[in-house]
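Numbering (the numbering used here), first residue to last: 1 to 171.
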């Protein structure tokens, strides 16, 4: 097809080739999974994943229910999703936020869980080492149910002191 063309006449073909190649190189591949998280064929899947690279050199994982509703969105430093960073969001099949986690330096620093009604269900905080430091749970009404703190001494970090409070819904 290109035989006998002057090199200058080939510019449009080269531009078209490079444009098509660049589209292919950034194309996002969908992989399908069943309810157990095992790879599956599209017709047996309950959700699919899309993995892409961001401009700031992070890996973005998006999961979607087969309806197209988001299931999960999160970021990591590595393609195998190690070195999690930033905000990670998990959703119910209804599209409502289920869990919000924040990662710093590859370790979770905060996790919030929500009822289907969107009311807060639990808040978990972690220290700089990624160790659990506080968890509060809430009744669906929004009232505090439990408040558990873990305090680590500088001498023995493996055995924390636990301080726990539990409340009836009526206070």
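Just so it is clear, CB atoms sit at the ideal spot from N, CA and C, and this is done for glycine as well. Quantities reported herein were computed from a predicted structural model and do not represent experimental measurements.
Could you check if residue i is buried or exposed, using at least 16 other CB atoms within 10 Å of its CB as the buried criterion?
{"i": "residue 47", "result": "buried"}
{"i": "residue 168", "result": "exposed"}
{"i": "residue 164", "result": "exposed"}
{"i": "residue 141", "result": "exposed"}
{"i": "residue 101", "result": "buried"}
What separation, rounded to the nearest whole angstrom, lies between the Cα atoms of residue i and residue j?
{"i": "residue 83", "j": "residue 51", "result": "15 Å"}
{"i": "residue 158", "j": "residue 149", "result": "15 Å"}
{"i": "residue 128", "j": "residue 58", "result": "22 Å"}
{"i": "residue 173", "j": "residue 160", "result": "The structure shown does not extend to residue 173, since the chain is modelled only from 1 through 171, so no value can be given for it."}
{"i": "residue 143", "j": "residue 43", "result": "43 Å"}
{"i": "residue 120", "j": "residue 109", "result": "17 Å"}
{"i": "residue 112", "j": "residue 155", "result": "30 Å"}
{"i": "residue 62", "j": "residue 130", "result": "24 Å"}
Over the uninterrupted beta strand (DSSP E) stretch that includes residue i, give me the two end residues.
{"i": "residue 64", "result": "59-65"}
{"i": "residue 108", "result": "107-114"}
{"i": "residue 86", "result": "84-91"}
{"i": "residue 122", "result": "120-126"}
{"i": "residue 151", "result": "144-151"}
{"i": "residue 72", "result": "70-76"}
Do residue i and residue j have their C-beta atoms closer together than 7 Å?
{"i": "residue 166", "j": "residue 146", "result": "yes"}
{"i": "residue 97", "j": "residue 73", "result": "no"}
{"i": "residue 69", "j": "residue 95", "result": "yes"}
{"i": "residue 103", "j": "residue 85", "result": "yes"}
{"i": "residue 139", "j": "residue 133", "result": "no"}
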